Each structure stands twice: as C-alpha cells, then as structure tokens.
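Accompanying notes for the structure given below.
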Amino acid sequence: MQLNFSGLRALVTGAGKGIGRDTVKALHASGASVVAVSRTDADLVSLSKECPGIEAVCVDLGNWEATEQALGRVGAVDLLVNNAAVVLMQPFLEITKETFDRSFNVNLRSVVQVSQIVARGMIARGVPGSIVNISSMVAHVTYPNLITYSSTKSAMTMLTKAMAMELGPHKIRVNSVNPTVVLTAMGKKVTADPEFSRKMKERHPLRKFAEVEDVVNSILFLLSDRSASTTGSGIMVDGGYLAS
Ligand code: NDP
21 MQLNFSGLRA
31 LVTGAGKGIG
41 RDTVKALHAS
51 GASVVAVSRT
61 DADLVSLSKE
71 CPGIEAVCVD
81 LGNWEATEQA
91 LGRVGAVDLL
101 VNNAAVVLMQ
111 PFLEITKETF
121 DRSFNVNLRS
131 VVQVSQIVAR
141 GMIARGVPGS
151 IVNISSMVAH
161 VTYPNLITYS
171 STKSAMTMLT
181 KAMAMELGPH
191 KIRVNSVNPT
201 VVLTAMGKKV
211 TADPEFSRKM
221 KERHPLRKFA
231 EVEDVVNSIL
241 FLLSDRSAST
251 TGSGIMVDGG
261 YLAS
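Using this note's numbering, read the sequence shown as starting at 21 and increasing by one per residue.
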C-alpha cells in the first residue's frame, strides 16, 4: 500500500529510537514534513542526517513545563503519533511513587498535553487530522513487573475513545495501535529472561513477535485517509496473542 502524505505535517514523539524512529523515516519517505520529538539529542542528530529536512525537537515529555516551552508554538500539525513511553519494571509491592509518576507522566499525561496542543491548532485552522496513540497488547493483558506500564496503556484505551468522542465533530480521528513484543531496546528489556521470552512467543498463534515494520504499517494506515471512517478504535499487532 503506497501512501502519500505530501503537503501534510506530522509530529512523532519518541522519535529517537525503535518504532518512533522508523515511523519518522516512513513518513519522511512518503512526502510528509516531520517534526521529530525525542529526549536524546544524539539520536535526533543522526535521524536528521538520515532524513534531511525534518525538524528535531529535544525535550523530556515527562516535564510539562519543558514540553509547553518546546512544543507550545509548534505550528500546524495534521498528523500526530504519540509514541514516546518508558517501561519501568517493578512487582506490585515494590512500586514507588517516582516510577509510578514518571510512567504516567511520560506514557499518558504527555499524550494529553501534546494532543491538546496539536488538536487546538487543527480546530483553529479548521482542518481534519489524525492522531495515533501507540498503546500495547498489555492494555488488555498484563505480566509480572509490568503493572504500572500496562496500567498506563490500559488508561490510554479510554483516553483514545474519549478523545475520539470529543474531537470527532472537528473531523479529528483518534486511534491506537496495540503491538505485542517488538525487539527494540524496550522489547529486549521486557523479554530479557529467555525462558519467559520462549514461552511467550509460543503462545502467539503466529509463533512470533511483531516487527517494527508491522507496527509502522498500521500507524501509517490509521494516519491516512484509507481509514477515514475509523476512530476511537485500535489495531492489534499481536500475532494473534489475545485470541489464544
Ligand atoms: P524504545 O525504548 O526503543 O524507544 C522509545 C523512544 O521514546 C526513545 O527514542 C526514547 O528516547 C523516547 N522517549 C522515552 N521517554 C521519553 C520522554 N520522556 N521524552 C521524550 N522522548 C522519550 O521503545 P519502542 O520503540 O519499543 O516503543 C515505542 C512505543 O511502542 C512505546 O509507546 C511502547 O510502549 C510501545 N510498545 C512497544 C513494544 C515493544 O515490545 N517494543 C510493545 C508494545 C508497545 P530516550 O531513549 O532518549 O529516552
């Protein structure tokens, strides 16, 4: 499916590594102007070399004031991918205020903040838009040590629906993509135990984890007009895990 995003401006958070990085590359290759937002400047420098012309914004999205400063005047955005997240693993009885707050601030509160900035701009310009929130299959099923992380993703399910409900009349669609493990830095951390990883993979009907490309393809579909009547919804990229 060849998609053309020429004439549109996209903003991708968590653009420095993994899924966000490849999403920027795909959008850039499909003609979009891209604002790449991430936390580590070196990642943005190397990404800018790979994708000449992108705008790089270095900010910690867990910091509300810094995010307002960096993105408050970002200008016209037509497509938004809320992808930045952290996974801070702790068993339930050891969850701390710091990890809980950090997880919710980066994974969920920043989605509210960045989406507000972008959606206000879309409404002011009177243009349609598409927002894709990168969730996870752990919005629906969880594992030991992932309670805080999966809670952020589960909350994202309702946030996606609520945003779709309020922004729909402005022709702004909001959907999520819910992958299983993808072997990025984050995916490798979660599956570091080989026995856990093996058992988990076996439970997938397709007997495999997802590839970054599989996730990016679903993001691009939801950003594009090919999904014009889809909002408040989510695409599972889970190798059938939830069916098993
Ligand atoms: P990675 O850890 O590989 O990359 C995450 C990117 O987000 C990094 O560039 C990171 O920058 C950036 N980021 C993290 N925190 C912040 C912050 N506070 N401010 C700005 N940027 C930040 O993750 P993935 O690519 O694997 O994950 C992308 C999305 O996919 C996430 O939402 C994740 O929850 C979701 N997902 C991932 C799965 C997996 O198995 N990989 C499975 C299901 C969902 P830096 O490194 O500099 O902190």
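Where is the CB? At the ideal position from N, CA and C, for every residue including glycine.
Here the structure is a predicted model, which is why all the values come from computation and not from measurement.
Query, Result
"Collapsed DSSP secondary structure at V107 in the structure displayed", "coil"
"Residue from I143, L128, D121 and G95 with nearest C-alpha to I154", "L128"
"DSSP state of I167 mapped onto helix, strand, coil", "helix"
"Nearest neighbour of V106, chosen from T119, V77 and G51 [CA to CA]", "T119"
"Residue closest to A30, alpha-carbon to alpha-carbon, out of A46, Q22, G38 and K37", "A46"
"Cβ separation of L67 and G36, assumed to be a contact under 8 Å, to the nearest whole Å", "7 Å"
"Closest Cα partner of A248 within the set S150, V132, E75 and I39", "S150"
"Same chain, Cβ closer than 6 Å to Q133, five either side skipped, listed in chain order", "T87"
"Alpha helix (DSSP H) segment containing A205, residue limits", "A205 to V210"
"Three-state secondary structure assigned by DSSP to L31", "strand"
"Run of the alpha helix (DSSP H) containing M256, from where it starts to where it stops", "Run containing M256: none in the alpha helix (DSSP H); it sits in the beta strand (DSSP E), G254 to V257."
"L99, DSSP secondary structure in three states", "strand"
"S217 - containing alpha helix (DSSP H), residue span", "P214 to R223"
"Nearest residue (CA-CA) to I115, options L166, V32 and E75", "L166"
"Cα-Cα separation, S26 to L243", "13 Å"
"Residues near N9 in its chain [Cβ-Cβ closer than 7 Å; skip 5 each side]", "In this structure the chain extends from 21 to 264, so residue 9 is not present and cannot be described."
"Same chain, Cβ closer than 6 Å to S217, neighbours up to 5 away in sequence not counted", "T211"
"Cα-Cα separation between D213 and L64, rounded to whole angstroms", "31 Å"
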